[in-house]
Structures are given as C-alpha cells and as structure tokens.
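Only one structure is covered here, and it is reproduced in the block below.
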Amino acid sequence: MINPVNFTAEGRLFTGQIGKPDTLIEIDLTGKKPPRTIASNIGCINAFDDDGQRGDQAGLYVPLADKGAVGRVDLATGTVCVIADGLGQPVSVVANERSDIFVADYGSGEILKLKPGATPDRHIVVSGLQRPVGLALDKSGHLVVSEAISGTLSRINLSNRVK
21 MINPVNFTAE GRLFTGQIGK PDTLIEIDLT GKKPPRTIAS NIGCINAFDD
71 DGQRGDQAGL YVPLADKGAV GRVDLATGTV CVIADGLGQP VSVVANERSD
121 IFVADYGSGE ILKLKPGATP DRHIVVSGLQ RPVGLALDKS GHLVVSEAIS
171 GTLSRINLSN RVK
C-alpha cells in the first residue's frame with residue numbers, strides 16, 4: 021500500500037510503501053526519471069516529514085514502528101540513523117521550524133516531542149489518546165492529531181492544552 025505522500029520544503033515528492041519490505045521512494049515530478057528507491061526494509065515507515073535541510077544535506081524524519089524508534093533518512097545516500105528509540109509504536113512524525121519532532125505513538129496513546137541530539141531530549145506532550153495515527157502543524161503552531169479508535173481530530177497547543 022502506498023502511504024504516505026509528502027513534499028519537502030524544496031518541492032521534492034516522496035512516498036512510502038507500507039508492508040514488507042517497506043520502501044521510501046522519490047517521485048520525479050517531471051516524469052522524465054523513473055521513481056527512485058531511497059531506502060528499503062527500514063522498519064515500517066509511515067507518515068514522515070522533511071527535516072528542513074537542503075540539497076545534499078536533506079533528509080526525512082521517519083517513524084520506524086517495527087523498531088519502536090524514530091529515524092532520519094539521508095536522501096542522498098539512503099542511510100537511516102536512529103535518533104530516538106525505546107518508543108512503543110511510532111506511526112507519524114511532524115517537525116517544526118525549530119527542529120522539534122512530534123511523534124504519534126500508536127502503542128502508548130501519547131504524543132511525544134523529541135529534540136534531536138547526541139542524547140535526544142523527549143517529553144510527553146499529551147497522553148491518553150485512542151490510537152493516534154496522524155499529525156499536522158497548523159500555521160499558528162498548534163498540533164492537530166487524528167485518533168483511529170474515536171475517529172476524532174484534536175487541536176493541541178504546545179503548552180499541553182487541547183483546544
């Protein structure tokens with residue numbers, strides 16, 4: 021199954037294929053080049069996001085649900101670097117302009133905030149959700165979360181209040 025589809029800030033289009041093996045693919049928008057496999061069999065990727073880097077440094081933050089981890093895929097080499105592990109079942113990530121990474125953990129019902137580094141800083145933003153599966157940031161910086169069990173959307177300000 022093809023899921024998700026996402027553009028980088030540079031306008032590059034990427035899609036993932038869920039299943040075994042999972043695959044991260046770049047789609048040429050001109051149609052002149054065939055789809056390019058970036059990485060494969062990396063841990064059940066799902067909803068990923070741009071890391072904000074450009075050119076040869078560009079990457080994507082990816083949830084690695086099968087590994088209970090979040091990684092960064094280098095788009096030039098396909099190398100996957102785990103930036104946080106010990107999570108339940110991360111299924112969606114979104115990053116803001118400050119490089120904070122928000123993670124929907126399907127297994128724990130939590131939304132986590134990660135700050136990448138040698139020892140990633142992590143905080144629980146909200147807990148008690150019913151299988152969070154999707155994340156987006158609105159223009160005012162609020163986090164929008166979709167929940168699989170309840171079928172609801174929640175808008176969360178980052179001071180941990182649900183709006």
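When the sequence shown is numbered by my numbering, its final residue is 183 and no position is left out of the sequence of numbers. Ideal placement from N, C-alpha and C gives every residue a C-beta, glycine not left out. Treat the numbers as computed from the prediction; the structure is a model and nothing was measured.
Taking L163 as the reference, which of V100, A115, R175 and A59 has the closest Cα?
Start at 1 with the first residue of the sequence shown, and residue 163 comes out as number 143. It is R175.
What residues are listed by DSSP as bridge partners for T57?
Position 37 of the sequence shown, counted from the first residue, corresponds to residue 57. In DSSP, T57 forms a bridge with I45.
Using CA coordinates, which residue listed in A104, R32 and K53 is at the minimum distance from K135?
Translated into positions along the sequence shown, residue 135 becomes position 115. Residue A104 is the option with its Cα nearest to K135.
Mind checking which residues open and close the beta strand (DSSP E) that includes G106?
Here residue 106 is taken as the residue at index 86 of the sequence shown, counted from 1. Careful: G106 lies outside any beta strand (DSSP E) and carries neither H nor E.
Please report the straight-line C-alpha distance between K133 and G51, rounded to a whole angstrom.
As a position in the sequence shown, residue 133 is number 113, starting the count at 1. As a position in the sequence shown, residue 51 is number 31, starting the count at 1. Computed Cα separation, rounded: 37 angstroms.
In this structure, what does DSSP give as the bridge partners for E167?
Indexing the sequence shown from 1 puts residue 167 at position 147. In the DSSP output, where bridge partners are listed per residue, E167 has P152.
With DSSP as the reference, label T35 as helix, strand or coil.
Within the sequence shown, the letter at position 15 stands for residue 35. Of the three classes helix, strand and coil, the one that applies to T35 here is strand, per DSSP.
For V96, which of helix, strand or coil comes out of DSSP?
The residue labelled residue 96 in the question sits at position 76 within the sequence shown. At residue 96 the sequence reads Ala, which differs from the Val that was named. In this structure, A96 counts as coil in the three-state DSSP scheme.
Beta-carbon within less than 7 angstroms of C101's beta-carbon, same chain only, minus the 5 sequence neighbours each way: which residues are those?
Taking the sequence shown and counting its residues from 1, one reaches residue 101 at position 81. Excluding sequence neighbours, C101 sits near G91 and R92.
Identity of the residues DSSP links to N26 by a beta bridge
Locating residue 26 in the sequence shown gives position 6, counting from the first residue. DSSP lists F34 as partners of N26.
In the DSSP assignment, find the beta strand (DSSP E) that holds H162 and state where it starts and stops.
Counting from one through the sequence shown, the residue named residue 162 turns up at place 142. First-last for H162: undefined, no H or E at that position.
Tell me the DSSP bridge mates of F68?
Translated into the one-based positions of the sequence shown, residue 68 becomes position 48. Answer by DSSP bridge pairing: none, since F68 is not bridged.
Taking Cβ to Cβ, would you say A96 is nearer than 9 angstroms to N66?
Taking the first residue of the sequence shown as 1, we reach residue 96 at position 76. Taking the first residue of the sequence shown as 1, we reach residue 66 at position 46. Cβ distance not < 9 angstroms, so A96 and N66 don't count as in contact.
Is V146 closer than 9 angstroms to V165 when the C-beta atoms are compared?
Taking the sequence shown and counting its residues from 1, the one referred to as residue 165 is at position 145. Taking the sequence shown and counting its residues from 1, the one referred to as residue 146 is at position 126. Yes, Cβ-Cβ distance for V165 and V146 is below 9 angstroms.
Tell me which same chain residues have a C-beta within less than 8 angstroms of the C-beta of S112, skipping the five on either side of it?
Along the sequence shown, one-based indexing puts residue 112 at 92. If we look at S112 and ignore the five residues flanking it on each side, its Cβ neighbours are N66, A67, P83, V123, A124, P152, V153, G154 and L155.
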